[in-house]
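Which chain is which? The protein sequence lines are A and B, in order.
Using my numbering, the letters of the first sequence map in sequence onto residues 20 to 209.
Using my numbering, the letters of the second sequence map in sequence onto residues 56 to 326.
Structure first, then comments.
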Amino acid sequence: MPRRDNDREFARSIRAMLLELMGRHSSALGDFLSELRSEGLMHGRRDEPMGLLDSEAGKKRLLTVEIPAIERYNEGRDPEFRIRLVRQGSNLVLCYRLMPTHNIYELETRLYSSYPIVPPETRVLTPLRHCPHLLEGQTLCLWRQGSSRQNNRWDPARYTCVFAVQAAWRWLACYEIWYDTGEWPLPEAR
Amino acid sequence: MARIVQVGAGSGGMVVLDLLAREPVVTGITLIEPDVYKPHNAARHYFPKEAAGVRKTELARQWLLAFRPDLEVRCLEVDLLSPQAQPEIEEAVASADLGVCAVDNEQAKFHWDALMRKYRKPWTLGEVLSGGIGGFVHLFRPDGPCYGCVASFLKRSVEVDKSAPPDYSQPGGPVYEVTIPASKASISVIASLHALVTAEWLHNPQYDPGFTSVLLALRKVPQVFEEVLRPYRFRIERMRECLFCGEAAQTNAAEDLDVALAQALDRLAHA
Chain A
20 MPRRDNDREF ARSIRAMLLE LMGRHSSALG DFLSELRSEG LMHGRRDEPM GLLDSEAGKK
80 RLLTVEIPAI ERYNEGRDPE FRIRLVRQGS NLVLCYRLMP THNIYELETR LYSSYPIVPP
140 ETRVLTPLRH CPHLLEGQTL CLWRQGSSRQ NNRWDPARYT CVFAVQAAWR WLACYEIWYD
200 TGEWPLPEAR
Chain B
56 MARIVQVGAG SGGMVVLDLL AREPVVTGIT LIEPDVYKPH NAARHYFPKE AAGVRKTELA
116 RQWLLAFRPD LEVRCLEVDL LSPQAQPEIE EAVASADLGV CAVDNEQAKF HWDALMRKYR
176 KPWTLGEVLS GGIGGFVHLF RPDGPCYGCV ASFLKRSVEV DKSAPPDYSQ PGGPVYEVTI
236 PASKASISVI ASLHALVTAE WLHNPQYDPG FTSVLLALRK VPQVFEEVLR PYRFRIERMR
296 ECLFCGEAAQ TNAAEDLDVA LAQALDRLAH A
């Protein structure tokens, strides 16, 4: 077996062995080579697709739409409740607190690399009781594609990340009512 | 004389490419497609199973030159979203007269839309609904609604009744009932419509078919399409509040995006 010094050398060695064993025109060889290419082993590692922080469109979106929206939200707000925006790798995370009635909740809303096409994901860091519309890891169920309720459909042409914060506020308000009454106050969105 | 830049050479993209290349007015094509042809592609593609392992761009080039040896065919074997490939993609877009989008993922469509708007190029998009029950063809003019406007409009116009049928206006959507492959026939119908509309536009830059988007129903689907082969025409307006092409997005961003972004992120990290 060849020594695996690096991926390309390894792929070349495998290819040479297969050519000898299977013949140059074998469709099975073609399949295997396709798999190697798709794994990035034949022509180097495949590029990571551009995203929010490394595409011109993404950076412009942040500078002209998202960051101004966050700054408008923060303006005049108690520092304890302002949104902090933190970079984590290729993602951005909004860290903030909300107080729909009298409880304070810590939250984070994550903007993935493919934001705004992919909706932001919000989770509550403050421990919650298990309840409707709460997903794994205390992630909030906020968006539903095809929903009859417009505010339940993430629309990257209309909504900024601050809309996700506002949706989280609404969710927490419903949670507090559910906590007290056992009933989720909003009719089930279909 | 017209030069086209097309992204996507899948089962639908090749149909569009083939038909457009037969238009004498088309003198040059740049094709952006990173994939290698696989054996399972043969079921809905022009090329045989034996072509597996060859890049789709190379297969497309040979196919086109077989009947248009005069055609200037340039192939970019890159992913549309690859950071390293952007300079050559942008150069191809800048030198084209019209763009054709034949990809099926939303991020790629939005990115293509941004490129077309940046260089003020008209472009067309074809979309086949899962299961081949129908499909869309969209026309985008430089000052017209962007893909964000269209995507936003189509979501509002979808009626979901109380029993919540699958949302067929979302090609490639995550609802499992709709993620089934379309037949070659249905792909070819929508792709041919896509090519037809694009060709008309190439011949006449003032072409106005009376719609910006058309949805053609190919199969009867209860509560979705009541009639087969019925077209639904939409004249979608540009949204002033669109966050991709509207007033908010037109604000001049700083010249050095990276510096401005780093400063803004530093500011907000300590808000």
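All C-beta atoms, glycine included, are put in the ideal place defined by N, C-alpha and C.
On a predicted model such as this, the values are computed, not experimentally measured, just so you know.
Assigned exposure category for D199 (chain A) - 16 Cβ within 10 Å defines buried: exposed
Euclidean distance between Cα positions of E75 (chain A) and G65 (chain B): 27 Å
How should E214 (chain B) be labelled, buried or exposed, when 16 other C-beta atoms within 10 angstroms of its C-beta is the threshold for buried? Caution is warranted here: a pLDDT of 34 is assigned to E214 (chain B), below 50, making its placement in the model unreliable, and the coordinate value is therefore given only provisionally. By the 10 Å Cβ count, E214 (chain B) comes out exposed.
Proximity test, Cβ basis, 8 Å: D97 (chain A) and chain B: no
Would you report the Cα separation of K176 (chain B) and E155 (chain A), rounded to the nearest angstrom? 44 Å
Excluding the 5 residues preceding and the 5 following H166 (chain B) in the sequence, name in chain order all residues of the same chain whose CB lies nearer than 8 Å to its CB. L135 and L136
Let me make sure I understand the geometry here. Which of A:A183, A:C160 and A:R116 has the alpha-carbon closest to that of A88 (chain A)? A:A183
Would you check whether the ligand NAP has a heavy atom nearer than 7 Å to the C-beta of Q107 (chain A)? This structure simply doesn't include the ligand NAP, nor any ligand for that matter.
Of the choices A:I102, A:C114, A:L72 and A:F100, whose alpha-carbon is the least far from that of L138 (chain B)? Inspection of the sequence shows that residue 138 (chain B) is occupied by Pro rather than by Leu. Closest by alpha carbon: A:L72.
Assigned exposure category for L144 (chain A) - 16 Cβ within 10 Å defines buried: exposed
The segment 75-91 of chain B touching the segment 105-115 of chain B, judged by at least three CB pairs closer than 8 Å: yes
Mind listing the chain A neighbours of E282 (chain B)? Cutoff is C-beta to C-beta under 8 Å, in chain order. Near E282 (chain B) there are no residues of chain A at all, since even the closest Cβ is about 22 Å away, more than 8 Å.
With L131 (chain B) and E143 (chain B) assumed to form a contact (beta carbons below 8 Å), what rounded beta-carbon distance in angstroms separates them? 6 Å
8 Å Cβ cut-off: residues of chain B touching T179 (chain A): L298
What residues match up with S268 (chain B) in a beta bridge as DSSP calls it? B:H193 and B:F289
Using the Cβ count rule (16 or more neighbours within 10 Å means buried), how would you classify Q117 (chain B)? exposed
Give me the Cα-Cα distance between D321 (chain B) and Q107 (chain A), rounded to the nearest whole angstrom. 13 Å
Please name the residue or residues paired with N110 (chain A) in a DSSP beta bridge. A:Q107
Neighbouring residues, chain B, relative to R101 (chain A) (Cβ below 7 Å): A326
For R295 (chain B), which residues from the same chain have a beta carbon less than 7 Å from its beta carbon, with the 5 sequence-adjacent residues on both sides left out? G301 and E302
Let me confirm a value: H44 (chain A) is counted as buried when at least 16 other C-beta atoms fall within 10 Å, else exposed. Which label applies? Because H44 (chain A) sits at a pLDDT of 44, beneath the cut-off of 50, its placement in the model cannot be relied upon, and the point is left open.
In angstroms with no decimal places, state the Cα-to-Cα distance between W190 (chain A) and S150 (chain B). 49 Å
Give a yes or no on whether the minimum CB-CB distance between T83 (chain A) and chain B is below 8 Å. yes
I need the DSSP call for W178 (chain B), collapsed to helix, strand or coil. strand
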